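Colleague:
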Amino acid sequence: MQPRNLDTGPGLLVSLLALARRAAAATVAVFPSDHDMRDETAFRRHVARMASLEAIERTLEALRVVPPWRAPLSATA
Numbered sequence: 096m097q098p099r100n101l102d103t104g105p106g107l108l109v110s111l112l113a114l115a116r117r118a119a120a121a122t123v124a125v126f127p128s129d130h131d132m133r134d135e136t137a138f139r140r141h142v143a144r145m146a147s148l149e150a151i152e153r154t155l156e157a158l159r160v161v162p163p164w165r166a167p168l169s170a171t172a
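Counting from 1 along the sequence shown, just add 95 to a position and that's the residue number in this note's numbering.
(1) DSSP three-state label for residue 159, please.
(2) Could you say if the region 107 to 118 and the region 130 to 144 meet the contact criterion of at least three C-beta pairs nearer than 8 Å?
(3) Flag this pair as yes or no: are the beta carbons of residue 143 and residue 122 separated by less than 8 Å?
(4) Please report the distance separating the alpha-carbon of residue 158 from that of residue 111.
(5) What does the alpha-carbon distance come out to for the pair residue 124 and residue 139?
(6) For residue 107, which residues in the same chain have their Cβ closer than 8 Å to its Cβ, ignoring the five residues on either side in sequence?
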């Protein structure tokens, strides 16, 4: 939550629209600048893992397979 409105939403949207015109299949990650990342190595590792999962999801989507982490939860008896 922002302490006050700094209009970051419209600025982000304009940038994403420009990117979409250039590279519609681009993967974008947005990180609030007011967060403290104390362990940069761990942060970079997590970002790389999320990018890998995104690539896997795109491949599975092309094959029309629902990845297990996106499958609906089944009721247990």
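Just so it is clear, CB atoms sit at the ideal spot from N, CA and C, and this is done for glycine as well.
Please read all numbers here as calculations on a predicted model, not as lab measurements.
Modeller: Straight from the coordinates:
(1) What you label residue 159 is simply residue 64 of the sequence shown in a count that begins at 1. DSSP, read as helix, strand or coil, puts residue 159 in coil.
(2) Segment contact: the region 107 to 118 against the region 130 to 144, fewer than three CB-CB distances shorter than 8 Å; contact not assigned.
(3) Taking the first residue of the sequence shown as position 1, residue 143 is located at position 48. Taking the first residue of the sequence shown as position 1, residue 122 is located at position 27. The answer is no: Cβ separation not under 8 Å.
(4) Position 63 of the sequence shown holds residue 158. Position 16 of the sequence shown holds residue 111. Straight-line measurement puts the Cα of residue 111 at about 27 Å from the Cα of residue 158.
(5) Here residue 124 is taken as the residue at index 29 of the sequence shown, counted from 1. Here residue 139 is taken as the residue at index 44 of the sequence shown, counted from 1. Rounded to the nearest whole angstrom, the C-alpha separation of residue 124 and residue 139 is 12 Å.
(6) For the purposes of this step, residue 107 is taken as residue 12 along the sequence shown, with counting starting at 1. Here the set comprises 125.
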